[in-house]
Amino acid sequence: MSEKNQGSKLEALVSLCKRRGFIFQASEIYGGLNGFWDYGPLGAELKRNIKDAWWRTMVRERDDVVGLDSAIIQHPRTWEASGHLEGFTDPMVDCRACKKRYRADQLCEELGLKLEFETGSNAEKKLKLPDGAKCPACGSKDITAPRAFNLMFKTFVGPQEDTSTVAYLRPETAQGIFAQYNNVLACSRQKVPFGIAQIGKAFRNEINPRNYTFRSREFEQMELEFFVKPGTDAEWHEYWVAERLQWYQRIGLPEGRLHRYVYGKDELAHYASACVDVLYDFPFGTQELEGIAARGDFDLGRHQQFSGKSMEYFDQDTKEKFVPHVVEPSAGTDRIALALLCEAFHEEWVPTSDVAGSQPIPVDYAQPMPPGCETRTVLRFAPCIAPIKVAVFPLLKNKPELVSKARGLYDALRKRWSAFWDVAGAIGRRYRRQDEAGTPFGITVDFQTLADDTVTLRARDSMQQIRLPIADVAAKLAEAIET
RNA sequence: GCGAGCGUAGCUCAGUGGUAGAGCGCGACCUUGCCAAGGUCGAUGUCGAGGGUUCAAAUCCCUUCGCUCGCUCCA
140 MSEKNQGSKL
150 EALVSLCKRR
160 GFIFQASEIY
170 GGLNGFWDYG
180 PLGAELKRNI
190 KDAWWRTMVR
200 ERDDVVGLDS
210 AIIQHPRTWE
220 ASGHLEGFTD
230 PMVDCRACKK
240 RYRADQLCEE
250 LGLKLEFETG
260 SNAEKKLKLP
270 DGAKCPACGS
280 KDITAPRAFN
290 LMFKTFVGPQ
300 EDTSTVAYLR
310 PETAQGIFAQ
320 YNNVLACSRQ
330 KVPFGIAQIG
340 KAFRNEINPR
350 NYTFRSREFE
360 QMELEFFVKP
370 GTDAEWHEYW
380 VAERLQWYQR
390 IGLPEGRLHR
400 YVYGKDELAH
410 YASACVDVLY
420 DFPFGTQELE
430 GIAARGDFDL
440 GRHQQFSGKS
450 MEYFDQDTKE
460 KFVPHVVEPS
470 AGTDRIALAL
480 LCEAFHEEWV
490 PTSDVAGSQP
500 IPVDYAQPMP
510 PGCETRTVLR
520 FAPCIAPIKV
530 AVFPLLKNKP
540 ELVSKARGLY
550 DALRKRWSAF
560 WDVAGAIGRR
570 YRRQDEAGTP
580 FGITVDFQTL
590 ADDTVTLRAR
600 DSMQQIRLPI
610 ADVAAKLAEA
620 IET
């Protein structure tokens with residue numbers, strides 16, 4: 140598909156997400172707020188399903204991982220220890236002549252110079268460019284003073300606003316895990332190797348949020364910190380990369396559009412021994428869903444240093460004492476939600492006024508629509524992550540016996556799955572509405588149901604119907620949804 | 001943050017100084033035996049927001065917010 144078509148595909152998806160209630164712009168009634176998004180009824184279900192799938196795979200189905208839900212606001216020292224307070228500050232300069240922008244430190248490095256501090260008694264140190272600094276592009280010396288960008292959201296604990304009460308909204312959930320490492324270890328009876336998993340909101344004051352929800356200022360992370368014996372980092376890192384790639388395929392992202400980016404030695408943070416990003420082919424480019432990093436003992440070591448509390452682990456078998464090394468698979472829930480939406484979104488040509496069972500064909504954007512066809516928009520979510528699993532319809536709403544029979548089935552199914560009830564309009568319209576919501580199954584109660592207790596089960600992707608006894612419905616759905 | 005473009009109904013968009021529109025969608029009712037069907041009726045809205053010019057502003061000017069693209073950034 141051409142770049143233009145990719146762009147219009149994303150536009151069509153954005154429009155559908157609003158129309159059907161997946162994603163809304165945050166604070167829209169006040170003109171919106173850059174970098175923030177709200178999830179509507181279907182989006183909330185979708186995200187919940189992603190998080191449930193992750194938690195099930197990473198925590199419940201494993202013996203060696205336990206969960207945590209730590210506070211968004213941690214002691215400010217946390218961010219000194221983690222390096223975020225310093226490392227998140229990228230001083231930037233602009234060339235007034237040619238309008239290019241640079242990171243001040245990178246600009247200086249390029250010119251073989253060093254960034255300097257303003258002389259003065261200001262409590263906050265101000266950076267300044269050294270003499271001789273010039274724009275590498277146009278050579279102009281008319282460059283703005285470095286401006287500091289702290290990418291952490293700042294707030295105050297308690298009603299007093301001064302430097303003693305400054306706190307930050309966490310830029311990642313990981314540090315809450317490291318800070319509670321000792322407590323979790325003590326209560327969970329886990330032994331190294333073991334992991335602590337957490338799902339939660341994180342906040343970054345991104346310079347320029349872009350690409351729909353891809354880079355947001357408030358977002359949700361799903362992070363595992365997996366603690367291993369020093370020296371076993373590499374094998375565990377490899378293990379988790381493979382595990383995670385498998386998980387993405389299970390929730391419906393095909394292998395062909397997933398990629399791994401292996402960091403070169405020169406790209407790694409100084410304490411890291413390996414890092415692999417899991418990438419997905421978004422319409423706007425191939426971008427990260429998750430980073431899996433082998434971080435050594437950097438995090439626990441730093442917290443040990445800053446808190447004065449020992450983070451050492453005593454291995455009963457070998458009688459060794461060590462600070463565990465950590466392997467960190469860190470995924471972005473909102474990015475995964477966006478990837479699933481992009482992957483699921485399809486437009487198809489379907490013959491009009493045809494009987495049930497007509498086969499849809501994928502839209503060929505290079506061709507005009509064949510005569511006698513119309514476009515069907517369908518979200519082909521994997522059943523396990525579809526916001527609504529099944530919709531139940533009485534064939535006609537003005538026949539009370541159909542309505543009450545269908546309602547009974549709906550009430551039974553909704554106890555187990557998220558289900559949808561719709562009596563309004565023609566049956567075909569109701570099917571198509573569910574196609575746009577990504578609902579994999581539609582069940583219709585008709586007059587034959589009243590006679591023999593069978594219903595039709597219509598599949599979203601093929602538009603095919605089968606007839607089966609009501610007694611078999613739950614098993615049939617479970618087969619598709621719960622595998 | 002810089003540059004360019006854009007912002008009108010839920011969605012897609014028309015409307016260049018003079019009574020805010022279309023298609024689709026949405027709601028109610030009727031009809032209707034399985035793929036966006038037909039009929040009748042209905043609601044769509046501070047034309048992104050604020051200010052200015054004008055007898056008169058969706059339209060012209062300024063500011064601001066948001067979106068898109070490019071630059072930059074992505075620890």
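Count along the first sequence from 1, add 139, and you get the number used in the working numbering. Cβ atoms here follow ideal geometry from the backbone N, Cα and C, with glycine treated the same way. In this text, all values refer to a predicted model and were calculated from it rather than measured experimentally.
query, result
"DSSP-derived helix/strand/coil call for Y402", "coil"
"Distance CB(C523)-CB(E621) smaller than 9 Å", "yes"
"In DSSP terms, what W488 is bridged to", "I500, T514"
"Identity of the residue in T578, P539, F453 nearest Q329 by Cα", "F453"
"Spatial distance of A433 from V415 (CA atoms)", "9 Å"
"Separation of R187 from V584, as counted between CA atoms", "30 Å"
"For A558 and F520, believed in contact at Cβ under 8 Å, the rounded distance", "Actually they are not in contact, since the Cβ atoms of F520 and A558 sit about 15 Å apart, beyond 8 Å."
"Length at least 3, wholly inside the stretch 176-219: the beta strand (DSSP E) runs in chain order", "176-178, 204-207"
"Complete runs of the beta strand (DSSP E) confined to the stretch 384-440 [at least 3 residues]", "397-401, 413-421, 424-435"
"C-beta atoms of A306 and Q444 nearer than 9 Å", "no"
"Cα-Cα separation between Q385 and S327, rounded to whole angstroms", "27 Å"
"Close-in-space but distant-in-sequence residues of the same chain around R568 (CB under 6 Å, 5 per side omitted)", "none"
"Backbone secondary structure at W375 - three-state DSSP", "helix"
"Whole-number beta carbon distance between H464 and G424, since they are thought to touch under 8 Å", "The Cβ separation is near 33 Å, so there is no contact."
"Limits of the alpha helix (DSSP H) - the one that P539 falls within", "539-552"
"Opening and closing residue of the alpha helix (DSSP H) in which D585 lies", "Note, D585: premise wrong, no alpha helix (DSSP H); not H, not E."
"Reference N350; option with closest CA among A318, E394, R474", "R474"
"Host alpha helix (DSSP H) of D454 (start-end)", "Per DSSP, D454 belongs to no alpha helix (DSSP H); it is in the beta strand (DSSP E), 452-454."
"Y570 versus Y402 - alpha carbon distance", "46 Å"
"Rounded straight-line distance, which links the Cα of M197 to that of R553", "26 Å"
"Cβ-based burial, L392 [other Cβ within 10 Å; buried from 16]", "buried"
"Unbroken beta strand (DSSP E) run spanning R309, endpoints", "Run containing R309: none; DSSP gives neither H nor E here."
"Buried/exposed call for T514, threshold 16 Cβ in 10 Å", "exposed"
"Cβ neighbour criterion (16 or more within 10 Å) applied to Q360", "buried"
"Simplified DSSP state of N289, which is helix, strand or coil", "strand"
"S147 (DSSP reduced to helix, strand or coil)", "helix"
"Cα-Cα separation between W379 and I431, rounded to whole angstroms", "7 Å"
"Cβ shell of E467 (< 6 Å), same chain only, five flanking positions each side left out", "E364, A432, R434"
"Cβ-based neighbour list, V462, same chain, cut-off 6 Å, excluding 5 preceding and 5 following", "D436, L439, G440, M450, E451"
"For Q573 and R606, believed in contact at Cβ under 8 Å, the rounded distance", "That pair is no contact at about 19 Å."
"For Q603, the three-state DSSP class (helix, strand or coil)", "coil"
"Residue from L480, D550, F353 with nearest C-alpha to L155", "L480"
"Exposure label - I500; buried when at least 16 CB within 10 Å", "exposed"
"Residue of W194, F532, P533 minimising C-alpha distance to V204", "W194"
"Beta-carbon contacts of N173 that lie in its chain and below 7 Å, excluding the five residues immediately before and after", "P348"
"Rounded straight-line distance, which links the Cα of Q604 to that of A495", "At A495, the pLDDT of 45 sits below 50, so the modelled position is not reliable and the matter cannot be decided from this model."
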